[in-house]
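Each residue of the first sequence is one higher than the one before, counting from 2 in the working numbering.
Reading through the structure tokens given below for one structure.
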Amino acid sequence: MESGLISVDRWAKGSSAYFLTHLHSDHTHGLSSSWSNGPLFCSRLTAKLIPFKFPNFNLSLIRVLEIGSWHALSPSSGFPTTLHVFVVDACHCPGSIMLVFRGEFGCRICTGDFRWEPSCEKARMAKEMLVAALKDDVVDVVYIDNTYSNPIYDFPTRQIAANQIIDIILSHPDYDIIIGINTLGKEDLLLQISRALKIKIWVWPERLQTMHLLGFNDTFTTNTTLTRVRAVPQYSFSVDTLEALNTMRPTIGIMPSALPWVKKSLQKGNLSGSFLTSSFKRGRLSSNSVQIDEQNGAIGPLNKFHEHIYSVPYSDHSNFAEIEDFIRLIHPATLKGIVSSSSCYIEPMYYFGRLCRVNQPIQLLHKPKREENGKSVGVVSTKFSFGGDYVEPERNKGKNFKGKFLGVRVSKLSILRRKNRGAKILDNNSPEQD
DNA sequence: GCGATCAGTT
DNA sequence: CACAACTGATCGC
Numbered sequence: 002m003e004s005g006l007i008s009v010d011r012w013a014k015g016s017s018a019y020f021l022t023h024l025h026s027d028h029t030h031g032l033s034s035s036w037s038n039g040p041l042f043c044s045r046l047t048a049k050l051i052p053f054k055f056p057n058f059n060l061s062l063i064r065v066l067e068i069g070s071w072h073a074l075s076p077s078s079g080f081p082t083t084l085h086v087f088v089v090d091a092c093h094c095p096g097s098i099m100l101v102f103r104g105e106f107g108c109r110i111c112t113g114d115f116r117w118e119p120s121c122e123k124a125r126m127a128k129e130m131l132v133a134a135l136k137d138d139v140v141d142v143v144y145i146d147n148t149y150s151n152p153i154y155d156f157p158t159r160q161i162a163a164n165q166i167i168d169i170i171l172s173h174p175d176y177d178i179i180i181g182i183n184t185l186g187k188e189d190l191l192l193q194i195s196r197a198l199k200i201k202i203w204v205w206p207e208r209l210q211t212m213h214l215l216g217f218n219d220t221f222t223t224n225t226t227l228t229r230v231r232a233v234p235q236y237s238f239s240v241d242t243l244e245a246l247n248t249m250r251p252t253i254g255i256m257p258s259a260l261p262w263v264k265k266s267l268q269k270g271n272l273s274g275s276f277l278t279s280s281f282k283r284g285r286l287s288s289n290s291v292q293i294d295e296q297n298g299a300i301g302p303l304n305k306f307h308e309h310i311y312s313v314p315y316s317d318h319s320n321f322a323e324i325e326d327f328i329r330l331i332h333p334a335t336l337k338g339i340v341s342s343s344s345c346y347i348e349p350m351y352y353f354g355r356l357c358r359v360n361q362p363i364q365l366l367h368k369p370k371r372e373e374n375g376k377s378v379g380v381v382s383t384k385f386s387f388g389g390d391y392v393e394p395e396r397n398k399g400k401n402f403k404g405k406f407l408g409v410r411v412s413k414l415s416i417l418r419r420k421n422r423g424a425k426i427l428d429n430n431s432p433e434q435d
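Structure follows, in structure tokens:
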């Protein structure tokens with residue numbers, strides 16, 4: 002039946018064990034306070050955060066996985082078969098982990114969301130642990146964080162981006178500073194800012210609780226009078242907000258993200274206005290990401306996109322080169338993306354297939370896709386296709402296909418809205434089995 | 001009131 | 001161009 006043996010960041014009934022790589026909401030869809038579909042395996046830190054995100058969560062379901070250790074699931078512990086899982090730090094956000102599974106199905110790695118920068122000490126240690134754990138074993142499948150698995154995604158390390166942000170703040174000594182963040186992540190950035198400026202950072206009350214759970218007891222405050230630097234929910238961060246704030250005090254906003262929409266939405270917000278001062282135009286709206294001195298991270302003039310807003314490519318996902326490094330290191334038989342995309346732009350096998358042992362032809366678009374959902378034997382349920390059988394001319398990445406196809410005007414790809422992250426690994430992955 | 005979807009926001 | 005992470009409305013129950 003369609004029940005998988007284990008699920009990673011997927012929460013539907015039918016699996017014997019559930020793994021949570023980290024607590025971002027796009028990985029917890031289907032998880033709730035009342036969820037009870039099976040044992041939930043996660044890092045110690047994630048386990049600590051779960052009750053905060055899901056009050057009244059049944060704690061007896063939680064199984065802590067120590068980082069750097071192998072853990073066994075076996076019939077003696079009520080599991081259908083024996084498998085082992087190894088855990089390393091994914092360096093994506095607090096508590097985030099990468100998982101290595103060994104069992105009847107062979108060896109598979111779920112990276113979860115991850116960022117392993119070559120210059121990051123934590124990532125270097127994680128990599129060593131992983132290599133040591135794998136020994137000479139071959140890896141059959143890597144479920145990769147393919148968010149940026151396209152060579153157009155080239156951005157600097159978080160260290161460099163953090164220095165850019167600090168420089169921006171230092172160059173605005175008389176301004177209030179607003180930084181957009183989410184419910185978890187980018188703590189290191191805020192700590193560095195705090196250290197560099199010798200100043201506390203304001204966060205909203207729930208975020209302060211999170212900070213305390215994470216063990217940061219001194220750096221953050223909810224008292225606005227103590228600091229000019231405030232970290233606010235990203236969704237509350239807009240051109241309008243910044244303009245409103247500026248009617249009260251001079252304020253700049255900083256968007257720490259490598260996602261292209263940042264630039265786009267910020268530009269669009271003000272292009273038609275009268276803001277196009279010469280100093281603004283100097284910002285080269287259409288230019289690509291910042292080119293900066295690799296060593297010290299000095300900023301160029303170009304991450305300013307609005308009179309009051311800077312966009313800095315501080316990313317918690319690996320860039321293209323880092324993904325490539327990872328795949329080269331693991332040299333798996335094949336790859337699956339954990340981010341289901343409605344297009345081929347980030348299909349991992351397209352760019353990385355040559356680094357795999359099984360050099361599969363690049364199947365760019367939809368998999369067979371007969372079933373609606375669920376029962377496909379595969380692994381990651383990438384579940385959508387365009388109804389028909391039209392094939393995008395592979396590298397003809399030019400236009401997206403929203404125009405009109407088959408006379409149907411698909412104005413939005415929203416029908417295909419990706420939604421499905423996560424992987425379900427079946428007890429029998431092999432084709433010879435039903 | 002909950003969960004699943006959809007819509008929309010940055 | 002896509003993408004990530006999140007909030008909020010809606011609908012069925």
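Glycine is no exception: its CB is placed at the ideal position from the N, C-alpha and C atoms.
What you are looking at is a predicted structure, and each value in this text was computed from that prediction instead of being measured.
Return the residue from the list the options that minimises the CA-CA distance to residue i.
| i | options | result |
| --- | --- | --- |
| R109 | I328, F353, Y351 | I328 |
| Q235 | P257, T226, F353 | P257 |
| I145 | M350, Q193, S77 | M350 |
| N320 | R159, S35, Q210 | R159 |
| W36 | D114, F156, A13, R45 | A13 |
| G107 | I202, T335, R196 | T335 |
| W203 | T222, L185, L215, R196 | T222 |
| I182 | A259, F87, P56, G96 | A259 |
| H93 | V313, T148, H332 | T148 |
| E188 | I169, L214, D168, L171 | L214 |
| F353 | E129, P152, G113 | P152 |
| S1 | D168, F115, E129 | Given a span of 2 to 435 for the chain in the structure shown, any question on residue 1 remains unanswerable. |
| L198 | G113, T228, W205 | T228 |
| R103 | R208, A48, A245, L6 | L6 |
| H318 | V140, T47, G31, A91 | A91 |
| V140 | S33, E105, P76, F238 | E105 |
| F58 | V88, R125, T112, S34 | S34 |
| R196 | E308, L60, T220, S26 | T220 |
Could you pull the DSSP bridge partners for residue i from this structure?
| i | result |
| --- | --- |
| K337 | Y144 |
| H307 | I310 |
| C43 | V65 |
| L32 | H30 |
| V86 | H72, F102 |
| V230 | I178 |
| T225 | Its beta-bridge partners do not exist; DSSP assigns none. |
| V359 | The partner list for V359 (beta bridge, DSSP) is empty, contrary to what the question assumes. |
| W117 | DSSP, once it has assigned bridges, lists no residue as partnering W117. |
| W203 | T222, R231 |
How is the beta strand (DSSP E) around residue i delimited, first residue to last?
| i | result |
| --- | --- |
| D168 | Run containing D168: none in the beta strand (DSSP E); it sits in the alpha helix (DSSP H), 159–171. |
| A134 | Note, A134: premise wrong, no beta strand (DSSP E); alpha helix (DSSP H) at 122–135. |
| G107 | 107–111 |
| I182 | 177–182 |
| G254 | 252–257 |
| A18 | 18–20 |
| I7 | 7–9 |
First and last residue of the alpha helix (DSSP H) that includes residue i?
| i | result |
| --- | --- |
| G349 | For the sequence presented, residue 349 should be read as Pro rather than Gly. Counting along the chain, the alpha helix (DSSP H) containing P349 begins and ends at 349–353. |
| M99 | Per DSSP, M99 belongs to no alpha helix (DSSP H); it is in the beta strand (DSSP E), 98–104. |
| Y212 | For clarity, residue 212 is Met in the given sequence; the question names Tyr instead. Here the alpha helix (DSSP H) through M212 covers 206–214. |
| I328 | 321–331 |
| A197 | 188–198 |
| L246 | 240–247 |
Note down the Cα distance separating residue i from residue j, rounded to an integer number of angstroms.
| i | j | result |
| --- | --- | --- |
| I98 | L24 | 10 Å |
| I310 | F80 | 52 Å |
| T226 | V142 | 52 Å |
| S78 | L84 | 11 Å |
| N218 | E122 | 24 Å |
| A127 | A73 | 20 Å |
| I200 | I194 | 8 Å |
| I1 | W117 | This structure gives no information on residue 1, because the portion of the chain shown stretches from 2 to 435. |
| L190 | T82 | 43 Å |
| Y315 | D137 | 35 Å |
| V9 | L356 | 24 Å |
| K400 | K305 | Unreliable positioning characterises K400 in this predicted model, as indicated by a pLDDT of 33, which lies under 50. A coordinate reading is not provided. |
| G15 | A322 | 37 Å |
| T515 | P261 | Since the first residue shown for the chain is 2 and the last is 435, residue 515 is missing from the structure and cannot be characterised. |
| Y391 | E129 | Residue placement at Y391 is poorly supported in this model, since its pLDDT is 24, which falls under 50; the coordinates still yield a value, given next. Taking the straight line joining both Cα atoms gives about 44 Å. |
| L46 | F20 | 14 Å |
| V86 | A18 | 11 Å |
Is residue i near the ligand SAM, with its Cβ less than 7 Å from a heavy atom?
| i | result |
| --- | --- |
| T242 | In the structure on display, the ligand SAM does not appear, and there are no ligands present to speak of. |
Count Cβ pairs between the stretch 158–171 and the stretch 132–148 that sit closer than 8 Å; are there 3 or more? no
How about the stretch 167–176 and the stretch 245–257: do they share at least three Cβ pairs that are nearer than 8 Å? yes
When you compare the stretch 226–233 with the stretch 68–77, are there three or more beta-carbon pairs, one atom per stretch, that lie closer than 8 Å? no
Is there contact here, the stretch 54–65 with the stretch 32–41, by at least three beta-carbon pairs under 8 Å? yes
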